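Asker: My questions all concern the structure below.
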Amino acid sequence: MKTCPTLTGTTQVYTGQAAGEHYTHAGSGENICFPSDPEYDQYNDVADSLRSLMYGDEYETQSNPAFSNLHQNDVLCAVCLAKGETTLMIPGRTTCYRGWSKEYQRYLM
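Counting in my numbering, the final residue of the sequence shown is number 114, and the numbers go up one at a time with none missing.
Encoded structure:
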């Protein structure tokens, strides 16, 4: 499990798995931290089959002996709240975690 740095005023919002494009695909943006407890909204196999796909990140470390124990393991992540910050985007959920309120909801594209 990933955790937040032990900085003054830093708290953990959620943990999850890093995700992004498939390693053979091009055109994707940044990796994001998907929560460990996603919520699924409406999905239609026909209408949504041509949408952007996200894949869980894995370590590819077979050529580095110091990190070979991580090879093919999931990349874990944590989203942290730093003192003074008040806004975040949580991909893969339709509801907020306790203590947060929804300001806006749309599809991530």
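All C-beta atoms, glycine included, are put in the ideal place defined by N, C-alpha and C.
Just so we're clear, the structure is a prediction, and the values are computed from it rather than from any experiment.
Assign residue 71 to one of three DSSP states: helix, strand, or coil.
Answerer: Reading the sequence shown from its first residue, position 66 is the one you call residue 71. Helix, per DSSP.
Asker: Tell me whether residue 25 counts as near the ligand FMN, meaning its Cβ is closer than 7 Å to at least one heavy atom of that ligand.
Answerer: Judged by which ligands are present, the structure shown has none, so any question about the ligand FMN falls away.
Asker: Hey, could you find the ends of the beta strand (DSSP E) residue 40 is sitting in?
Answerer: In the sequence shown, counting from the first residue as 1, residue 40 sits at position 35. Run containing residue 40: 37-40, per the beta strand (DSSP E) assignment.
Asker: Report the three-state DSSP secondary structure of residue 53 (helix, strand or coil).
Answerer: Taking the first residue of the sequence shown as 1, we reach residue 53 at position 48. In the structure shown, residue 53 sits in coil (DSSP, three-state: anything other than H, G, I, E or B).
Asker: Spell out a yes or no on whether the region 13-25 and the region 93-104 are touching, meaning 3 or more CB-CB pairs, one atom from each, closer than 8 Å.
Answerer: Touching, per the Cβ criterion.
Asker: Mapping the DSSP letters down to three states, classify residue 18 as helix, strand or coil.
Answerer: Counting from 1 along the sequence shown, the entry for residue 18 is found at position 13. Here residue 18 sits in strand by DSSP.
Asker: Below 8 Å CB to CB, which residues in the same chain sit around residue 78 once its five sequence neighbours on both sides are set aside?
Answerer: Position 73 of the sequence shown holds residue 78. Closer than 8 Å at the Cβ level, and outside the excluded window around residue 78, lie 63 and 64.
Asker: Could you name the residues that DSSP lists as bridge partners for residue 84?
Answerer: If you number the sequence shown from 1, residue 84 lands on position 79. Its beta-bridge partners are 19.
Asker: Count the other CB atoms within 10 Å of the CB of residue 47; is the residue buried (16 or more) or exposed (fewer)?
Answerer: One-based indexing of the sequence shown puts residue 47 at position 42. Classification for residue 47: exposed.
Asker: Just to confirm my understanding: we take residue 89, look at its own chain, exclude 5 residues before and 5 after, and list those with CB closer than 6 Å. What are they?
Answerer: As a first step, residue 89 must be located in the sequence shown, where it is residue number 84. Same-chain partners within the cutoff: there are none.
Asker: Note down the Cα distance separating residue 105 from residue 24, rounded to an integer number of angstroms.
Answerer: Here the question's residue 105 lines up with position 100 in the sequence shown. Here the question's residue 24 lines up with position 19 in the sequence shown. Cα to Cα, residue 105 sits roughly 23 Å from residue 24.
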